[in-house]
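Worksheet for the structure shown next.
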Amino acid sequence: MNPIELFGKIIEISHSNLEISSRIKSILNIISQDLHYEEVMAYTLDQDKRLTCRYLNDRSTLFPILNKYRCRVGEGIAGGVAQKRAPQHFTSRDIPPRFGCLFYPELDGQIERFKSFAFLPLSDDSYLYGVLVAISTREAIQDSEKILLSMLSREIGGILRTYSLIIESKKRISELATLSELGRVLASDVEPEELLKNIALIVAKALSAQFVTIKLEYPFLRIGSQRFTNGTIEPLMMQYVNEMEIESIKNKRSMSLKDHISEAEEGHLRFSLHTSPMMSKNRIIGAITMGASKAQYFIAEEDGRSLINTISNYMSNGLENTLLNRRLRDVVRELNDAQKRLIEQEKLKSLGEMTANIAHEIKNPLVIIGGFAKRLAKKTHLDQTENRYIDIILKEVTRLESILNEVLNYVKEGPTLTGACDINSCIDEIISLFAPDSTWKDIKIEKMFDNKLDPVICDSQQIKQVFINILMNAFEAMDGRGTIEVKTEQSVVNGKMFMSAAISDTGGGIDPSIMENIFNPFFTTKEKGTGLGLAISNKIVTNNNGRLEIKNMVGKGATFIVYLPLENKTGEGFV
Amino acid sequence: MKKIKLLIVDDEENIRILFKEELEDEGYEVETASNGFTALEKFRKGTFDLIVLDIKMPGMDGIQVLNEIKNINKDQPVILCSAYGEFKQDFSSWVSDEYVVKSADTGELKQTIKNILSL
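So the sequences go chain by chain: A and B. This note's numbering applies: residue 2 is where the first sequence begins, and numbers increase by one. This note's numbering applies: residue -5 is where the second sequence begins, and numbers increase by one.
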């Protein structure tokens, strides 16, 4: 075949859409057939920089022997050609052929029939990709053939180069995809816990790691040490993870443990680990650690490491921003709440003062009206009608007086008589007051008491008033027919211990439009209510450092929950 | 037998009239004072078996009057009487012998007086 035709064929193959191995194999076959080499093989460089015999022509017989051996650049003939990047041609008379660093005994009796050998580097101007080996039984190789062979080796080098570029860019694309996915997650509006779990998942997927664990230590935001893990970490590995995290955070440097073997009673464990510190604006916010069993030691390889470090940097900045934003949002919300509560308290306070003054001013005239009406009633010469009128005046005076007493009770400040109060028996006592009443006969009361409840330090008389108010409301909401459930338990709110007593009714719940006003004094939906029951209850519970909460289920019923602090020594309750 | 003598101190004229008439009906001799100064003046001049003191009064309030009285004669029986019970928690009100919340029903006041005078 003439050289033009040959190159035509080669170019056609190298630009085809065939798999890389098929393309190289086809070229090796052409070399074999058209240039009459019985054995044509290509060594390529592996990840660990060793030459491996990877591609062969169809009729190769040496390949099954040679592909078992790997050699470093510089070792043997193939290694020497790779190092010098200069082709070598020799015949069987020159030296006994040594392909790698060793003489392969398996080649004994195989190699004698070959007369000429050609070793050519597969490279371009900058990179070496491998070595082409062509072996022939012909004795004389012409110079023109050598030139042809060297041109073909360059063509194979080109194919390998394109391939490695594609692999490289695929890797970059997947890195970018990972980073963009991280970006999306960092920008998402989820809680920090969820966010860190998502990050661990994405990183584990991108690096095919057995596990990824993120340790967050961020004193700046008063975030205690927390860990988020995707995958499972064997206890033995965990020791190494902990140590590496500490070192990595201390020295602000990544650390790797490559293909480590650890002997333990349960058997030995072989693994690789890599830890990167998470730094944001020179501040350490934690460490991210990836682990894999021996088979996936990519983790500790250079490529993997650089990706991990990139991810870690990118993530740390984003994570800090997210955490700062969250924190800021929380603080703003807390401030808003506090402001709202302050305004509410101020409002109630001034309302209270005004009410107290008015009540006081009204009380005296009322005493006078009622007092003289009573004196009038004692007169003997009054007729029936006059007596009836006086009765009406007295009744109304009594009603006004009782309203005034309630109002004045409401504006009274602070708990007065504090002592240890057993909430369960307190509620029991109230229920036993109501139960005998015939109007309560269709009310079923279900008690679910926590019998281990510690006594609560509070004003028990006031707290009784609260339960009476809530129970009466429940009773009225149900029109005297239904089920009241009373449940007491210990609960932790904001890290503090509270007693909670939840009273649920089946009275259809509260109209959502009035929920906002429910604790406001003088707000009532009852025909004869003063609108003070819940206002007073709320105030009493607040004064006792607790909180009154409502869970409203429209159409079903309402639950009133009284929280009272169980550790009230410091006077700190709900803030 | 000599009548039991009471002093009613209140800035509201109609309260004074009401209490005076009600207590006179019970058989007491009743004098009144419309403020703390007059009350102290009357207390120094005469002897009263019992003094009923309103707390909220302009000028000198009932608690001050109570302290003056008890300084002069710590055995002088005094009842504090107020529109509502806000002073019950005030330590200075504890030196009084009793505390009654004003009401159209004067029954409680009358009973308290009886108890103090051990009638």
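Even for Gly, the Cβ is constructed at its ideal location relative to N, Cα and C.
Delimiting residues of the alpha helix (DSSP H) encompassing residue i
i              : result
residue 10(B)  : 7 to 19
residue 473(A) : 461 to 478
residue 57(B)  : 56 to 66
residue 108(B) : 101 to 110
residue 34(B)  : 30 to 39
residue 1(A)   : No answer is possible for residue 1(A): the residues shown for chain A start at 2 and end at 576.
residue 131(A) : Premise fails: residue 131(A) lies in the beta strand (DSSP E), 129 to 137, not in any alpha helix (DSSP H).
residue 1(A)   : The first residue shown for chain A is 2 and the last is 576, placing residue 1(A) beyond what the model contains.
residue 4(A)   : 4 to 15
residue 26(A)  : 21 to 35
residue 531(A) : Careful: residue 531(A) lies outside any alpha helix (DSSP H) and carries neither H nor E.
residue 511(A) : Here residue 511(A) belongs to no alpha helix (DSSP H), and DSSP marks it neither H nor E.
residue 204(A) : 193 to 207
residue 285(A) : Segment 284 to 294 is the beta strand (DSSP E) holding residue 285(A); no alpha helix (DSSP H) there.
residue 67(A)  : 64 to 67
Unbroken beta strand (DSSP E) run spanning residue i, endpoints
i              : result
residue 124(A) : 117 to 124
residue 155(A) : Run containing residue 155(A): none in the beta strand (DSSP E); it sits in the alpha helix (DSSP H), 144 to 188.
residue 502(A) : 497 to 505
residue 95(B)  : 92 to 95
residue 548(A) : 548 to 554
residue 46(B)  : 44 to 48
residue 86(A)  : No beta strand (DSSP E) holds residue 86(A); DSSP gives it neither H nor E.
residue 74(B)  : 72 to 76
residue 216(A) : 212 to 219
residue 52(A)  : 51 to 57
residue 448(A) : 444 to 449
residue 561(A) : 558 to 566
residue 1(B)   : -1 to 3
residue 491(A) : 483 to 494
residue 44(A)  : 40 to 46
Proximity below 7 Å, CB of residue i to CB of residue j
i              : j              : result
residue 57(A)  : residue 79(A)  : no
residue 59(A)  : residue 18(A)  : no
residue 41(B)  : residue 2(B)   : no
residue 239(A) : residue 272(A) : no
residue 510(A) : residue 554(A) : yes
residue 35(A)  : residue 63(A)  : no
residue 14(A)  : residue 27(A)  : yes
residue 403(A) : residue 470(A) : no
residue 541(A) : residue 467(A) : yes
residue 23(B)  : residue 39(B)  : no
residue 75(B)  : residue 48(B)  : yes
residue 117(A) : residue 142(A) : yes
residue 312(A) : residue 204(A) : yes
residue 500(A) : residue 549(A) : no
residue 250(A) : residue 275(A) : no
residue 206(A) : residue 229(A) : no
residue 505(A) : residue 560(A) : yes
residue 30(B)  : residue 54(B)  : yes
residue 83(A)  : residue 129(A) : yes
residue 103(B) : residue 94(B)  : yes
residue 19(B)  : residue 51(B)  : no
residue 502(A) : residue 489(A) : yes
residue 86(A)  : residue 127(A) : no
residue 524(A) : residue 532(A) : yes
residue 45(B)  : residue 72(B)  : yes
residue 12(B)  : residue 371(A) : no
residue 367(A) : residue 398(A) : yes
Contact belief for residue i with residue j at Cβ below 8 Å, rounded distance in angstroms
i              : j              : result
residue 419(A) : residue 460(A) : 6 Å
residue 512(A) : residue 482(A) : That belief does not hold up - the Cβ atoms of residue 512(A) and residue 482(A) are roughly 20 Å apart, past 8 Å.
residue 233(A) : residue 212(A) : 6 Å
residue 536(A) : residue 508(A) : Not a contact, Cβ separation roughly 20 Å.
residue 39(A)  : residue 138(A) : 6 Å
residue 258(A) : residue 241(A) : 6 Å
residue 9(B)   : residue 394(A) : That pair is no contact at about 17 Å.
residue 287(A) : residue 210(A) : Not confirmed; about 17 Å, so no contact.
residue 214(A) : residue 290(A) : 5 Å
Stretch-stretch touch, CB-based, cutoff 8 Å, three pairs: the stretch 62 to 77 of chain A with the stretch 160 to 175 of chain A: no
For the stretch 124 to 140 of chain A and the stretch 36 to 50 of chain A, state whether three or more C-beta atom pairs, one from each stretch, are separated by less than 8 Å. yes
Note down, one range per segment and in chain order, each beta strand (DSSP E) of at least 3 residues found wholly within the stretch 325 to 411 of chain A. Scanning the stretch 325 to 411 of chain A from its first residue to its last, no whole beta strand (DSSP E) run of 3-plus residues comes out.
Counting Cβ pairs closer than 8 Å, one from the stretch 420 to 429 of chain A and one from the stretch 371 to 387 of chain A, do we hit at least three? Output reads no: the stretch 371 to 387 of chain A does not touch the stretch 420 to 429 of chain A.
Counting Cβ pairs closer than 8 Å, one from the stretch 64 to 73 of chain B and one from the stretch 332 to 339 of chain A, do we hit at least three? no
Cβ contact (3+ pairs, closer than 8 Å) linking the stretch 345 to 363 of chain A and the stretch 320 to 327 of chain A: no
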